[in-house]
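First residue of the sequence shown: 96, per the working numbering; consecutive thereafter. Note that beta-carbon positions come from the ideal geometry of N, C-alpha and C, so glycine has one too.
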Amino acid sequence: MADETQFTYKVLADDNLLYGPVDLPTLCEWVRQGLVVRESWIYRVEADNWHRAYDVPEIQAAIAAASEAAEAVGAFGVPYHITPGMLRRIRILGTMTDDQIRELSTAMHYREFKQFVPVVKADMPGNSMFLILGGEVRVRRFLNGREKILATLVTGDFFGELAMLDHSPRSAEVVTNVDSVLLELDGGALKLIAERSPWTAVPFLLAIIRTMARRIRTDNERWKGVIGYLEVLEVDLSKFFASIIQAGRQNVEPEKAYRAVTDEGVAYGPVDLATLKSWVQEGQVSAHNWVYSYAADSWRKTGQIAELLEAVQAATGAERVEIFSGVSPENLSQMKVLGAMTAEQLERVGKILGQRRAKPLEVIVKQDAPGDSMFLILEGEVRVRQMIKGTEKTLVVLPAGEFFGELSLFDHSPRSADVVAIKACTLIEITGESLKKLEEAAPDVTAAFLLAVGKTMARRIRMDNHRWGKLIEYLQGVGVDVSQLFN
């Protein structure tokens, strides 16, 4: 029989993902932090068997201690002596009414931590956020064995919202600097609040999303600054940006690829033949424009390319209706961000929202322009780009089902990037006014929508973090010293 101390374990979490393998001390730490509970399924790797946590002898002491600790602070709900006025010191609760705060607090877990205790650990599974009612914590990562403090958070701040929204592993470790009192809210409890009391969930979710929007904007500005600085140093970033584009969409096979130069003298592509035909039919590429064929390795006029002749002849230049109101539930159901809604909810949404069409190569939103709306891509494909030191940089390509522009909707700041239609697009535009109408007419739909938007924004923040990591790897690979670059 194997020695229990030599076992490694995997845990089936609430998000239906398997975490591990980890050793026994780590598993006990997960129990202490509430990530593993009595009913959790545990897989013993060496024994090749599954057990409920309460049937795993070596963690019984940890489970009992965690249960006693929960009882000592009153498992769920905030103690009665803590009033809504006291909770309002937490900034994201500042605009909520007393009744809304009381309702939300019933889903929170009141927790006390001693000084220098880890609250969450990097790369561990998580599905909850923490609001700091009192105390101070530091957010850190270990780089080359040395502690790197990313932020210091105090009373009124919060952390862990990414894991709560998308149930992904923690991106950093958080440790208390002093004795601290935290309120923990897990994703399941928030979803329940959104269903039973959406008028409480909506202002809370809006506050979180606006904070995330500010975070994304700050990161975008830092990104532009770093890329601009690297270009002053004449660091060749062409291969790095090519890898970003490839990660954001499927590559076009070279033998099927084309580039087109428009009347404005801008070269677009590479794209496949179907996309190029749509550009011609929409009048964005005309018969006299130059097109480069990768297969032929040559330039020809559009009207001289046999496979484009039908599209050239079909191009009429007829004026198109750009905006029309009302969206069918069937169309809305294709959107990832709305996919969890019922047919009845989608019908109510469709009566409030409107659609807009965009031609190929049309700039839908302009960097630095004012804006207060977001767009859902019903049909087509768009490219998100930034102009850095006068040079265009593609950040990502978004297909049908995705959305963009959410930062301006939630914080009313200027657009952070250009968004250009690659193919003809049908878009659903959600303005600040239409969001307010939706909140008034259907708070349950609004809460579900905000949960989905928050989840996607959390995923994009993680992608941005990954992008920074890839940039560092690339710079190290080409011999750039990155030790002082991000100070």
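Rounded straight-line distance, which links the Cα of residue j to that of residue i
i    : j    : result
G479 : A516 : According to the sequence displayed, residue 479 carries Val and not Gly. Their Cα atoms are separated by approximately 9 Å.
K565 : T551 : 21 Å
S388 : V491 : 24 Å
R236 : A217 : 7 Å
A390 : V458 : 29 Å
R184 : L228 : 8 Å
D539 : L182 : 25 Å
E350 : E402 : Any reading at E350 must be qualified, since the residue scores a pLDDT of 47, below 50, and its modelled position is unreliable; the value itself is stated next. Looking at the two C-alpha atoms, the distance is approximately 14 Å.
E497 : E524 : 12 Å
E377 : W394 : 21 Å
A296 : V327 : 47 Å
S529 : K105 : 46 Å
Y138 : I288 : 32 Å
Q101 : D118 : 8 Å
W318 : W145 : 46 Å
E268 : E568 : 22 Å
N346 : R186 : Reliability of the predicted coordinates at N346 is poor, the pLDDT of 42 falling under 50, and the value obtained from them is presented with this limitation in mind. Taking the straight line joining both Cα atoms gives about 44 Å.
L285 : V214 : 20 Å
K446 : R555 : 29 Å
L368 : S381 : 15 Å
Q195 : K372 : 54 Å
W563 : R557 : 10 Å
M259 : G283 : 9 Å
D576 : L325 : 11 Å
R290 : G527 : The sequence given here has Glu at residue 290, not Arg. For E290 and G527, the distance between alpha carbons rounds to 23 Å.
K396 : L404 : 11 Å
E442 : M430 : 14 Å
G180 : D193 : 8 Å
Y175 : L332 : 57 Å
P120 : Q155 : 13 Å
L493 : F208 : 43 Å
Y114 : D559 : 23 Å
T250 : K243 : 22 Å
D358 : T190 : 51 Å
V386 : L248 : 55 Å
L448 : L188 : 29 Å
L257 : D143 : 33 Å
CB contact flag (residue i, residue j, <7 Å)
i    : j    : result
R197 : F505 : no
A553 : D281 : no
S275 : G230 : yes
T271 : V234 : no
V514 : V477 : yes
R265 : M203 : no
S223 : E279 : yes
L226 : F253 : yes
A453 : E474 : no
P116 : V140 : yes
Y149 : R127 : no
A583 : P298 : As shown, the chain starts at 96 and ends at 582. That puts residue 583 outside it, with no answer to give.
N384 : V366 : no
L545 : L245 : no
V232 : Y205 : no
A157 : C123 : yes
L502 : A308 : yes
G500 : V460 : yes
V273 : V432 : no
N315 : S578 : no
L107 : W136 : yes
Whole-angstrom C-beta distance between residue j and residue i, which should lie under 8 Å
i    : j    : result
V375 : V330 : Actually they do not touch by this definition, with Cβ atoms about 38 Å apart.
L130 : G221 : 7 Å
P424 : A438 : 6 Å
L456 : Y353 : So it is not a contact: roughly 14 Å between Cβ atoms.
L427 : I472 : Rounded, the Cβ-Cβ distance is 12 Å, inconsistent with contact.
T370 : K532 : Not a contact, Cβ separation roughly 36 Å.
A537 : Q440 : 7 Å
S508 : R312 : 6 Å
T489 : F335 : Going by Cβ atoms, the distance from T489 to F335 rounds to 11 Å, so no, they are not a contact pair.
Q481 : Q462 : 6 Å
Q | Those runs of the alpha helix (DSSP H) which lie wholly inside the segment 416-494 and span at least 4 residues | A | 424-427 and 438-447
Q) Is the segment 485-494 in contact with the segment 464-471, if contact means three or more CB pairs nearer than 8 Å? A) no
Q: Starting from the N-terminal side, write out each stretch of the alpha helix (DSSP H) that is 4 residues or longer and does not extend beyond the segment 222-295.
A: 256-261 and 282-291
**Q.** Segments assigned alpha helix (DSSP H), at least 4 residues, entirely inside the segment 351-384
**A.** 368-376
Q. Whole alpha helix (DSSP H) runs in the segment 184-220 with 4 or more residues, listed along the chain?
A. 193-200
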